[in-house]
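Engineer: Starting off with a structure, shown below.
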Amino acid sequence: MKNEEKIMEDKFNEHKLNSKEYRVSANAFTLKDVFECGQCFRWNPIDEQKHKYVGVVDDMVIEVEERQTEKSDDIEIKVYTRSPEQNLEQNLEFDNKEMQDKIYKYFDLDRNYDELKEKLSKIDDNVSSAIQYGGGIRILNQDLWETIISFIISANNNIPRIKGIIERLSKKYGKHIMEDYYSFPKPEELAKATIEDLRKLGLGFRDKRVYETAQIIVNSEIDVNQWYEQPTEQVREQLLELPGIGPKVADCILLFSDLKRFDVFPVDVWVRRVMNELYIKNADEKAVNKKQIEQIAKEKFGAERGLVQQYLFYWKRDN
DNA sequence: GTCCAGGGAATCA
DNA sequence: TGATTCCATGGA
């Protein structure tokens, strides 16, 4: 694996792209937990220990590595960023502060997860165990548009295939950054795709939903910018009007995008399974009422139930 | 061949 | 409202 890492570095160097390194010291930050808890689809490990990942964020290729420090339990994260080729000439010295702010925002570094974990661990032994297992989870602030399309694609789908579809969409309609890395297509870029184009990329029955949602957004039939100022329930109602967005997908978008609402509780097959096992204990799992699950979540987990959902989901799915 | 995957929309009672 | 069925696709 040492060889692969060396090859990766050589690849980066030969392109002479802009690169910056940032070291951040944050508690509750384990790369495997963050990238494999099901919230994102564009990050992949490049070492066997899963201490090093590469991903695409906006128009940047980012490499992150975690290192255990000697003096404390903190994890140091080294971040390299590459600016897009097309911007190199005009932007040789890109704004360090702006880039740093972007990174901090994306990894949600302003939020004190240790404090949240301590508080949520007191709920009961189940939540405490789940946090013990996935304590390194941080909920990313992902681009709203990308999150909308990604989770429409996620419907009745599995994660490897979702990732493949998103890569193919990016390669065909996004901008080339470097090597095999492409930015996720902007609304105007993706809106060029016909339903048939999307079908060829393997979206299946989701092709029409992605197409229609892209058309609505690109034609400005709804203004998503105001969502950042509106209460969660109001945003949720508007999300539900978009083709391909039902209750579960809407909640995922609210939780995993930079809308960043923790007062939602996405219920999928896994969450239903874990909630039934731990709290409801119905012999017939499929018969469990979804509203009952949401009610219990609201009562037991409170305003940060979205974060609790992630701990429970990650814990149960891996065990 | 069958089942399942971080569900949603259409249909019907 | 609530329950059933169909929807593409690929891997196990």
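FYI, this note's numbering numbers position 207 of the first sequence as 207, with every residue one higher than the one before it. Glycine included, each C-beta is placed from N, C-alpha and C at the ideal position.
#1: Name the residue from Ile139, Val127, Val57 and Asp110 whose alpha carbon lies nearest to the alpha carbon of Glu36.
#2: Which residue comes first and which comes last in the alpha helix (DSSP H) that contains Val235?
#3: If distances are taken between C-alpha atoms only, which option among Tyr211, Val271, Glu237 and Asn225 comes closest to Thr194?
#4: In whole angstroms, what is the alpha-carbon distance linking Arg206 and Ile152?
#5: Say the cut is 7 Å; is the CB of Ser183 nearer than that to a heavy atom of the ligand FMN?
#6: Should Ala303 be labelled buried (16 or more other beta-carbon atoms within 10 Å of its own) or exposed?
#7: When burial is assigned at 16 or more other CB atoms within 10 Å of the CB, is Pro231 buried or exposed?
#8: So, at 8 Å on beta carbons, what are the nonlocal neighbours of Glu285 in its own chain, with the 5 sequence-adjacent residues on each side left out?
#9: Using a threshold of 8 Å, state whether the C-beta atoms of Ile162 and Phe41 are closer than that.
#10: Compute the Euclidean distance between the alpha carbons of Glu63 and Asp47, then round it to the nearest angstrom.
#11: Quick check on Asn91: buried or exposed, where buried means 16 or more other Cβ atoms within 10 Å of its Cβ?
#12: I'd like to know if the region 183 to 197 and the region 121 to 137 are in contact, where contact means that at least 3 CB-CB pairs between them fall below 8 Å.
#13: Just to confirm the assignment, what range does the beta strand (DSSP E) spanning Val358 have?
#14: Provide the residue(s) that pair with Asp178 in DSSP beta bridges, ordered along the chain.
#15: Report back the beta-carbon spacing between Ala297 and Phe265 to the nearest angstrom; my notes put them in contact at under 8 Å.
#16: Return helix, strand or coil for Val288, following the three-state DSSP convention.
#17: With 16 other CB atoms within 10 Å as the buried threshold, where does Ala28 fall?
#18: By the three-class DSSP mapping on this structure, what secondary structure does Lys20 have?
#19: Would Gln100 and Tyr22 be called neighbours here (beta carbons separated by less than 8 Å)?
#20: Output needed for Asn282: all residues of its chain with C-beta closer than 7 Å, excluding positions within five of it in sequence on either side, in chain order.
#21: Quick one: grab the DSSP three-state call for Pro187.
#22: Mapping DSSP to helix, strand and coil, what is Gln215?
#23: How long is the line joining the alpha carbons of Lys199 and Asp114, rounded to whole angstroms?
#24: For Gly55, which option in Ala26, Ile103, Arg67 and Gln49 has the closest C-alpha, if you only look at C-alpha atoms?
#25: In this structure, does DSSP put Glu65 in helix, strand or coil?
#26: By DSSP, does Lys49 sit in helix, in strand, or in coil?
#27: Can you name the start and end residues of the alpha helix (DSSP H) that Gly302 belongs to?
Structural biologist: In brief:
#1: Ile139
#2: Thr232 to Leu239
#3: Tyr211
#4: 7 Å
#5: Ligands in the displayed structure: none, and consequently the ligand FMN is not present.
#6: So Ala303 ends up on the exposed side.
#7: exposed
#8: Arg272, Arg273 and Asn276
#9: yes
#10: 12 Å
#11: Residue placement at Asn91 is poorly supported in this model, since its pLDDT is 42, which falls under 50; the coordinates are not used for a value here.
#12: no
#13: An answer regarding residue 358 cannot be provided, because it is not within the stretch 1 to 319 covered by the chain.
#14: First, the amino acid is wrong: residue 178 is Met here, not Asp. Answer is Tyr181, bridged to Met178.
#15: 4 Å
#16: In the three-state scheme derived from DSSP, where H, G and I count as helix and E and B as strand, Val288 is classed as coil.
#17: buried
#18: strand
#19: The Cβ atoms of Gln100 and Tyr22 sit closer than 8 Å to each other.
#20: Excluding sequence neighbours, Asn282 sits near Asn276 and Val288.
#21: helix
#22: In the structure shown, Gln215 falls within a helical segment according to DSSP collapsed to helix, strand and coil.
#23: According to the sequence displayed, residue 199 carries Arg and not Lys. The straight-line gap from Cα to Cα measures roughly 44 Å.
#24: Ile103
#25: strand
#26: In the sequence under discussion, the amino acid at residue 49 is Gln, which differs from the Lys named in the question. In this structure, Gln49 counts as coil in the three-state DSSP scheme.
#27: Element bounds for Gly302: n/a, residue is neither H nor E.
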